[in-house]
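This report concerns only the one structure given below.
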Amino acid sequence: MTPEMSTTAAIMVMARNLPPKAFSFLSTSEWILHSEVERGQKAFGGRFLAITMIAAVIIISGVIIIDKVPPRHHHSHPPPDNYTLALHKALMFFNAQKLLPPRWDKKFSFVQVLLNRLRLFLSPGHPAEDILLILHRSSEIMMCSYLPVFTSFNRTKGGLIQLNHGRPQPLQYVVNAAFLATLYSDYLEAADTPGWYCGPNFYSIEVLREFAKTQINYILGENPRKMSYVVGFGNLYPKHVHHRGASIPNNRVIYNCKGGWKWRDSPKPNPNIVVGAMVAGPDKNDEFRDVRTNYNYTEPTLAGNAGLVAALVALSGDRTGIDKNTIFSAVPPMFPTAPPPPAPWKP
Ligand SMILES: *[C@@H]1O[C@H](CO)[C@@H](O)[C@H](O)[C@H]1NC(C)=O
Ligand SMILES: *[C@@H]1O[C@H](CO)[C@@H](O)[C@H](O)[C@H]1NC(C)=O
Ligand SMILES: *[C@@H]1O[C@H](CO)[C@@H](O)[C@H](O)[C@H]1NC(C)=O
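Just add 773 to wherever you are in the sequence shown, counting from 1, and you've got our numbering.
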């Protein structure tokens, strides 16, 4: 089974087996934006979580790449934009990490936005439509909440949205929101829809892309400290990243867990540059302490970098939009086709 097929299979199961009532809690945007995992467990149980987890993982690995990196024929090579440059670095970090048990905290919003694709491009109709419409509406509310005009979230003076309400390690949430906003704008564009409504007000899809760009630009260095939070991008980036591989010198000695602590606690810069790692990020005052022991500022995570890679793929290069068909091309029909009529009776 290809990744596209298993994603779609997971979506079909979700869209077909769950009664609309199961989604009634979605009427508040709170649910989506705050603690998906806890509430999700109550609402759905293990099977649904397993499905969303599969779908979320595949969104990162499948959708983005399928959507945004179609084979293209370049005749000339204009200089790469900042997002493309940063993407090359971000992929270095992401590819270099061993596969660890993933902790995908923000699964539901991803699945929800992906389901918009199903509704917009396949129009599966009854019985999926009721649920897909509810999910579409709650994606719209989520997108509205990102806009500065609604002040659903505070922003730092430098403009970084505080999706985790001023708590440390903000960037992992910001990059995922930037990715979702860009993907959603691509979906609307592919469906020839110029924007969406927040209450009585109509907003153009450009507003969503602008949101994503300002947030990613902040992370790449357009912030009061002029600090890039992606290691190896720009001139000023964290030098004391909270990361074993970066902080322990390569001297052919194998150190056990506690054996690494003397480097963790050392004030010296990392001996190895962990290119492409996005650190946890600044605090709510745009302040950043480049201190290895303080994971609140300097720790990179796979979940954060997955979102960064996704957002940079979505923003980088020419704006080609998405391929409406690719992800669904291998999908079997939603209902089994009727068996052929029996051959006419003959004596
Ligand atoms: C915004 O910041 C104020 C002051 O710190 C705080 O009281 C409020 O709860 C914050 N709002 C949100 C949505 O995080
Ligand atoms: C790329 O980033 C640099 C540093 O933040 C900035 O000066 C420059 O304007 C950016 N270029 C583009 C095309 O956004
Ligand atoms: C990280 O932030 C949390 C929550 O604000 C705080 O409780 C903790 O002490 C901080 N850790 C360090 C090392 O400062």
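Virtual Cβ for every residue (Gly too), placed ideally from N, Cα, C.
> Y1070 to P943, Cα distance in whole Å?
Replying inline: Distance between the alpha carbons of Y1070 and P943: 9 Å.
> The alpha helix (DSSP H) spanning S912 covers which residue range?
Replying inline: Judged by DSSP secondary structure, S912 falls within the alpha helix (DSSP H) whose first and last residues are A901 to Y919.
>> Please tell me whether, using a cut-off of 7 Å, the distance from the CB of P1040 to the nearest non-hydrogen atom of ligand 3 is below it.
In response: Taken from the Cβ of P1040, every heavy atom of ligand 3 lies 7 Å or farther away.
>> Using only the alpha-carbon positions, how far apart do A1019 and L893 sit?
In response: For A1019 and L893, the distance between alpha carbons rounds to 44 Å.
> Looking at C-alpha atoms only, which residue of L956, T929 and K1041 is the closest neighbour of K1097?
Replying inline: Answer by Cα proximity: L956.
> Buried or exposed: where does P1114 fall if 16 or more other Cβ atoms within 10 Å of its Cβ makes it buried?
Replying inline: Flag for P1114 reads exposed.
> Who are G968's beta bridge partners in DSSP?
Replying inline: Note: G968 sits in a beta bridge opposite S977.
>> Taking the alpha carbon of Y946 as the reference point, which residue from G1090, L864, F926 and P973 has its own alpha carbon closest?
In response: Closest option to Y946, judged by alpha-carbon separation, among G1090, L864, F926 and P973: F926.
>> Using a 10 Å radius around the Cβ and a threshold of 16 neighbouring Cβ atoms, would you call N773 buried or exposed?
In response: Since the first and last residues shown for the chain are 774 and 1120, residue 773 lies out of range.
> Considering N1024, what are the terminal residues of the alpha helix (DSSP H) in which it resides?
Replying inline: Neither: N1024 is in no alpha helix (DSSP H) and is coded neither H nor E.
>> Can you tell me whether K862 is buried or exposed? The criterion is at least 16 other CB atoms within 10 Å of its CB, across all chains shown.
In response: Classified as buried, K862 has 16 or more neighbouring CB atoms from the shown chains inside 10 Å of its CB.
> Within 10 angstroms of its Cβ, does E1072 collect 16 or more other Cβ (buried), or is it exposed?
Replying inline: Counting Cβ neighbours within 10 Å, E1072 comes out buried, since at least 16 surround it.
> Are three or more beta carbon pairs between the segment 1053-1065 and the segment 903-923 nearer than 8 Å?
Replying inline: Taking 8 Å as the limit for Cβ pairs, the verdict is that the segment 903-923 does not touch the segment 1053-1065.
> For N1043, is the beta carbon positioned less than 7 Å from some heavy atom of ligand 3?
Replying inline: Outside the cutoff, so no.
> So who's on the other strand from I934, going by DSSP bridges?
Replying inline: According to DSSP, I934 bridges with R928.
> Where does W1034 land, buried or exposed, given buried means 16+ other C-beta within 10 angstroms?
Replying inline: With fewer than 16 other Cβ atoms within 10 Å, it is exposed.
>> Just verifying my parser: in three-state terms, what is the DSSP assignment at R1052?
In response: Note that residue 1052 is Val in the sequence shown here, rather than Arg. Secondary structure at V1052: coil, using DSSP grouped into helix, strand and coil.
> So what's V732 in DSSP terms, helix, strand or just coil?
Replying inline: Outside the displayed range of the chain (774 to 1120) lies residue 732, so it cannot be described from this structure.
> Does the Cβ of S977 have 16 or more other Cβ atoms within 10 Å, making it buried, or fewer, making it exposed?
Replying inline: Exposed, because fewer than 16 other Cβ atoms sit within 10 Å of the Cβ of S977.
>> Using 8 Å for Cβ pairs, my map puts A954 next to L936. What's the rounded Cβ distance?
In response: Not really, about 12 Å apart at Cβ, beyond 8 Å.
> Quick one: what does DSSP say L1009 is sitting in, helix, strand or coil?
Replying inline: The answer is coil: DSSP assigns L1009 none of H, G, I, E or B.
> Any idea what DSSP makes of E962, helix, strand or coil?
Replying inline: Three-state DSSP puts E962 in a helix.
>> Taking the alpha carbon of F923 as the reference point, which residue from I904, F984, L961 and F952 has its own alpha carbon closest?
In response: If we check each option's Cα against that of F923, F984 comes out closest.
> What does a CB cutoff of less than 7 Å around K1041 pick up in its chain, not counting 5 residues either side in sequence?
Replying inline: Within the same chain, no Cβ atom closer than 7 Å to the Cβ of K1041 is found once the five residues on either side in sequence are excluded.
>> Can you give me the C-alpha to C-alpha distance between N1078 and P997, rounded to a whole angstrom?
In response: So the alpha carbons of these two residues sit roughly 22 Å apart.
> Span of the alpha helix (DSSP H) holding V1086?
Replying inline: For V1086, the enclosing alpha helix (DSSP H) begins and ends at L1075 to L1088.
> Would you report the Cα separation of N1008 and D959, rounded to the nearest angstrom?
Replying inline: Each residue's alpha carbon lies about 32 Å from the other.
> Roughly how many whole angstroms lie between the Cα atoms of L864 and G1090?
Replying inline: Rounded to the nearest angstrom, the two C-alpha atoms are 15 Å apart.
> Quick one: Cα of K1031 to Cα of L961, how far?
Replying inline: Approximately 51 Å, taken between the alpha carbons.
> Starting from A1111 and walking both ways along the alpha helix (DSSP H), at which residues does that stretch end?
Replying inline: DSSP places A1111 outside any alpha helix (DSSP H), giving it a letter other than H or E.
> Within this structure, are the beta carbons of T1129 and R1037 separated by less than 8 Å?
Replying inline: It is not possible to answer for residue 1129, since the shown part of the chain is limited to 774 through 1120.
>> Please identify the residue among L860, P851, H850 and P852 whose C-alpha is closest to the C-alpha of L1088.
In response: With respect to the C-alpha of L1088, the residue from L860, P851, H850 and P852 having the closest C-alpha is L860.
>> For K1035, report the span of its alpha helix (DSSP H) as first-last.
In response: Segment W1034 to R1037, the alpha helix (DSSP H) holding K1035.
> In three-state terms, what does DSSP make of T857?
Replying inline: Helix.
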